[in-house]
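J.: The listed protein sequences correspond, in order, to chains P and D.
Going by our numbering, 361 is the number at position 361 of the first sequence; the sequence numbering is gapless.
Count along the second sequence from 1, then add 1000; that gives the number in our numbering.
Once you've had a glance at the structure underneath, I'll fire off some questions.
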Amino acid sequence: MDFSSSSEEKLIRESLKKLLESFSSEDYLKKFDSHRYDPALLSELIDNGFLVDQDTNKINFDVIKILSEELGYSNSPLNPSALVSDVLITLQESSFKGLSEILKDLLSNKLYSYTSALNEPLNFEIESPKVNGKLSNKGYELSGTKILSYNLDIAKKALISFITDDGVYLALIETDQLEITTLDVTSKAPYSKLNLDGVIVSKESIINKSGEGLYLLKDIYARRVLIQASLARGMVLKMLELTAAYTSEREQFDRPIGSFQAVSHRAANMFIDHQELDLNLQQASYLYSSGSDLENQILNLKYITGNVLHRTSYAAQHLHGGMGVAKEYPLWRYCLSAKEHEIINGNSSSALEALSKNITLNQ
Amino acid sequence: MKIELTKNQQKLKDELKEYFSSLLNKELLSEMSDPQFFEGGGPEFKKALKIMGRDGWIGLSWPKEFGGKEFTPIEQYIFVEEIMRTGFPFPFLTTESVGPMIAQYGSDWAKETIAKSILRGETIFAIGYSEPNAGTDLASLKTQALPDKEGFKINGQKIWTSLANYADYIWLAARTNNEVKKHKGISMFIVPTDNDGFSYTPIQTLGDVTTNMTYYDDIYVSKDNLVGELNSGWDLITSQLNLERLALVNHGPVDELYHQLLSLAKITKVDSKNVLSDIDWVKSNFAKIYSGLETLKLICWKQVWGMENNVLSMTDASLAKIYGSEYFIEAYRMMMEIFGELSIVRDDSLSILNSRLERMYRTASILTFGGGTNEVQRDIISMAGLLMPRSR
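As structure tokens, this is what we get:
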């Protein structure tokens, strides 16, 4: 049993912290308050090999998780999940022939040119798409809608999922002819809606063999939850630090408010929440990297991530009083991001329901 | 990062499971379900303890030079987990806390007589720490041990002295110096319960566990009964906390109950078509219990890993205490909800798991205040973990 971080992990974390310093000052972040996407940061991360290992041309998911934690901590306007985890790692794992071209494009142009469109309105399980594909002479004719697709409006290609009589399929399709509508979400993250009615997916653009789609989607979901929990871990740690510092300084009744047990105990509960998230994230990450079955741990992690994001962001706001909601203080951005990640890719309640079905299955 | 048991640790777990299943015979199980023996002390309990001593399952944490197995904290945790799953009231504090301290710091008489007898499973201690006015603030204790002839004369009163009704000795903390800071004037003594000056009155508790008020009236003990240096008892008291951490919120008992109840829910019919586990809210309760259990297991594992690698922080220990004790209350509640009214029925034909669940629920509240109340643990987290100002 070993809960320690490797020296390599520490080194990566330190380098990332250093890099992100110049991309996360209050003045810098303000520039993205109406559209939270920072292409310069993406470019810098690619240049420094944090997205794709430039020696091996491979994506290291452990590095992506550390990156996500640090992006969460600094509240940087960038989510690598769709590009790196959904598209690149899925293609890497499915031995997709066009991967080297995509990596070449990414490394030279440094743009968020590839994304995924997997989420659907009122569908809480991305493994079970409702977008339907009917077999025709040209391929599959789709009907249905995808929402909250990250950077879809600037991407050249998108990984989409759909259900057919023959099971679930994933396809990497060109975006230029698609009906894309940008969405205005509270966190101002760059999400779009995609209308797939009448869109034809050629057989060449399908990346999985028959019967493998569900497996790939389950894997994508696991990685999404791991990345989301990593982002959350960083966010929660920062909200905790802000709260501890603020309540230690802020005085009322001639003493720091943090010296009131009512305040310090609530902050201690935030600390416990952070540990709960941290340990379950570590466990699920270990199981993922060792190739173990982790379906229940992933559902549990999603359940915990949502709960912890909700509880800590609300407690942080409350313990800050008015400062917690004032836009001149950084906490508000964390709270909006926390809600975003609490509510997408399913939520705590839907994850709990799925977990409960698995546990009580009578086999 | 590697968060799982090693092959050897898993092997130990399996070995212990097998050993305990053969140790817990029908007679012992019957005695364990009798309220007067919930805390041990019955003839079958004493017999089993001697067998464990003979088989080398006492003295796990003791250094090898004192006849122990010198198990690592993780191995000790596994032992505690497995024995707690069985419900056997193993006297951890005697065998794994007091015992090694006597073996290391006791007089020659204590080492030769008491320590070896503990290893054989023949001697039981009760812990005499808390007093009516010294609970969470233990260092305020007032029981006195004054120099007398070649030894000490002890006078005072202790409360919550569990097992004193059948223990052979009390592991007693007494004040031996009033002139120094309160932590600095405490010493540890071995006090025989067959001394005429010793008496006790039982305190019945909500969970049907009997604890005791104990009285020390002019009890003379020789210098041989002093353990460690005079006035250095506080160090021995705090060194015992490590063991408490392994046992206090160990995930074993709840994990055992969870699996037993889940199996039961899958076969318990609620009507002609459905079993209990088909009901949505029952499923939800099981999932919430599972989730907390996973977290508790990880918290405990991290704690023993921290102990093994000398990186255990105060905040980790406080966190485990808070999370575990508060989780137990919730988990038992949700488990009882699943079986509804049957959870509180004691009648043999209807009771669930021989009323074990209901009994555990009634005893669980002890943990949120015992072993350092959770309010103090939260103070520790905010001060040591978050560097916030001291609470007033």
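Here a beta-carbon is modelled for each residue, glycine too, at the ideal position from N, C-alpha and C.
Computed from a prediction, not measured in an experiment: that's the story for all the values here.
Could you pull out every unbroken alpha helix (DSSP H) segment of at least 4 residues lying fully inside the segment 81 to 125 of chain P, listed in chain order?
T.: Within the segment 81 to 125 of chain P, the complete alpha helix (DSSP H) runs of at least 4 residues are 90 to 93, 99 to 109.
J.: What residues in the segment 1324 to 1347 of chain D bring their beta carbon closer than 7 Å to a beta carbon of chain P?
T.: Flagged: no residues at all.
J.: Please name the residues in the segment 1067 to 1086 of chain D whose beta-carbon is closer than 7 Å to at least one beta-carbon of chain P, in chain order.
T.: Listed in sequence order: 1074.
J.: Quick check: what's the CA-CA separation for residue 1103 (chain D) versus residue 1021 (chain D)?
T.: Answer to the nearest angstrom: the Cα atoms are 30 Å apart.
J.: Could you tell me the alpha carbon to alpha carbon distance between residue 138 (chain P) and residue 159 (chain P), rounded to whole angstroms?
T.: Roughly 19 Å between the two C-alpha positions.
J.: Which class does residue 1367 (chain D) belong to by DSSP, given the choice of helix, strand or coil?
T.: Note: residue 1367 (chain D) maps to helix in three-state DSSP.
J.: For residue 1272 (chain D), which residues from the same chain have a beta carbon less than 8 Å from its beta carbon, with the 5 sequence-adjacent residues on both sides left out?
T.: Result list for residue 1272 (chain D): empty, nothing under 8 Å.
J.: Whether or not the segment 214 to 224 of chain P and the segment 289 to 302 of chain P are in contact is what I'm after, with contact meaning three or more pairs of Cβ atoms, one per stretch, closer than 8 Å; do they touch?
T.: The answer is yes - the segment 214 to 224 of chain P touches the segment 289 to 302 of chain P, with three or more Cβ pairs under 8 Å.
J.: Return the CA-CA distance between residue 214 (chain P) and residue 166 (chain P), expressed in angstroms with no decimal places.
T.: Residue 214 (chain P) and residue 166 (chain P): Cα-Cα distance of roughly 11 Å.
J.: For residue 140 (chain P), which three-state DSSP category applies?
T.: Looking at residue 140 (chain P) - three-state DSSP - the assignment turns out to be strand.
J.: Does the CB of residue 1268 (chain D) have a neighbour CB from chain P at under 7 Å?
T.: Cβ-Cβ to chain P under 7 Å: no for residue 1268 (chain D).
J.: Near residue 312 (chain P), which residues of its chain fall below 6 Å by C-beta distance, leaving aside the five closest residues on each side in sequence?
T.: Taken in chain order, the residues that qualify are 236, 239, 270, 273.
J.: What's the C-alpha gap between residue 355 (chain P) and residue 1064 (chain D)?
T.: So the two alpha carbons sit approximately 45 Å from each other.
J.: Which ranges does the alpha helix (DSSP H) cover as unbroken runs of at least 4 residues, wholly within the segment 1028 to 1079 of chain D, from first to last along the chain?
T.: If we require 4 residues or more, the alpha helix (DSSP H) runs fully inside the segment 1028 to 1079 of chain D come out as 1043 to 1054.
J.: Using beta-carbon positions only, say whether residue 1195 (chain D) and residue 1165 (chain D) come within less than 7 Å of one another.
T.: Not closer than 7 Å, so no.
J.: Give me the residue from D:1200, D:1144, D:1169, D:1123 with the minimum Cα distance to residue 1187 (chain D).
T.: The residue with the shortest Cα to Cα distance from residue 1187 (chain D) is D:1144.
J.: Nearest to residue 1181 (chain D) by CA position, among D:1136, D:1054, D:1140, D:1155, is which residue?
T.: Considering only alpha carbons, the answer is D:1140.
J.: Here's a check: name, in chain order, each residue in its chain whose Cβ is nearer than 6 Å to the Cβ of residue 45 (chain P), leaving out the five neighbours to either side.
T.: The residues are 51.
J.: Check each candidate in D:1031, D:1012, D:1105 and name the one with the smallest Cα separation from residue 1239 (chain D).
T.: Ranking D:1031, D:1012, D:1105 by Cα distance to residue 1239 (chain D) puts D:1105 first.
J.: For residue 1062 (chain D), does the count of other Cβ atoms within 10 angstroms reach 16, so buried, or fall short, so exposed?
T.: Label assigned to residue 1062 (chain D): buried.
J.: With a 10 Å radius around its C-beta and 16 neighbouring C-beta atoms as the bar for buried, classify residue 1091 (chain D) as buried or exposed.
T.: Answer is buried; the Cβ neighbour count reaches 16.
J.: In chain P, what lies closer than 8 Å to residue 1378 (chain D) by C-beta?
T.: Chain P residues near residue 1378 (chain D): 261, 264, 265, 268, 269.
J.: Between which two residues does the beta strand (DSSP E) harbouring residue 1 (chain P) extend?
T.: Neither: residue 1 (chain P) is in no beta strand (DSSP E) and is coded neither H nor E.
J.: Please look up how many angstroms separate the CB atoms of residue 87 (chain P) and residue 115 (chain P), rounded, as I've assumed it's under 8 Å.
T.: Correct: roughly 7 Å between the Cβ atoms.
J.: What's the C-alpha gap between residue 182 (chain P) and residue 48 (chain P)?
T.: If I take the Cα positions, the gap works out to 30 Å.
J.: Across which residues does DSSP place residue 1007 (chain D) in a beta bridge pair?
T.: Answer by DSSP bridge pairing: none, since residue 1007 (chain D) is not bridged.
J.: In this structure, does DSSP put residue 337 (chain P) in helix, strand or coil?
T.: Helix.
J.: Using a C-beta to C-beta distance shorter than 9 Å, which residues of chain D count as neighbours of residue 357 (chain P)?
T.: What residue 357 (chain P) touches in chain D: 1283, 1287.
J.: Sorted by chain position, which residues of the same chain lie with C-beta nearer than 6 Å to residue 24 (chain P)'s C-beta, five sequence neighbours on each side aside?
T.: Only 74, 76 meet the Cβ criterion.
J.: So, does the CB of residue 273 (chain P) fall closer than 7 Å to a CB anywhere in chain D?
T.: No, its Cβ sits nowhere closer than 7 Å to a Cβ of chain D.
J.: In its own chain, which residues sit with a C-beta less than 6 Å from the C-beta of residue 129 (chain P), not counting the 5 before and 5 after it?
T.: Around residue 129 (chain P): 161, 162, 163.
J.: Could you work out which residue in D:1335, D:1099, D:1002, D:1052 is closest to residue 1019 (chain D) when comparing CA atoms only?
T.: Comparing Cα positions, the closest option is D:1052.
J.: Closer than 7 Å by beta-carbon distance: list the chain D residues that pair up with residue 304 (chain P), in chain order.
T.: Chain D residues near residue 304 (chain P): 1291.
J.: Ignoring anything shorter than 3 residues or poking outside the segment 170 to 205 of chain P, list the beta strand (DSSP E) runs there in chain order.
T.: 179 to 182, 191 to 195, all fully within the segment 170 to 205 of chain P.
J.: Mind pulling the chain P residues with CB within less than 7 Å of residue 1385 (chain D)?
T.: Neighbours of residue 1385 (chain D) on chain P, chain order: 271.
J.: Please report how far the alpha carbon of residue 1288 (chain D) lies from the alpha carbon of residue 20 (chain P), in whole angstroms.
T.: Looking at the two C-alpha atoms, the distance is approximately 37 Å.
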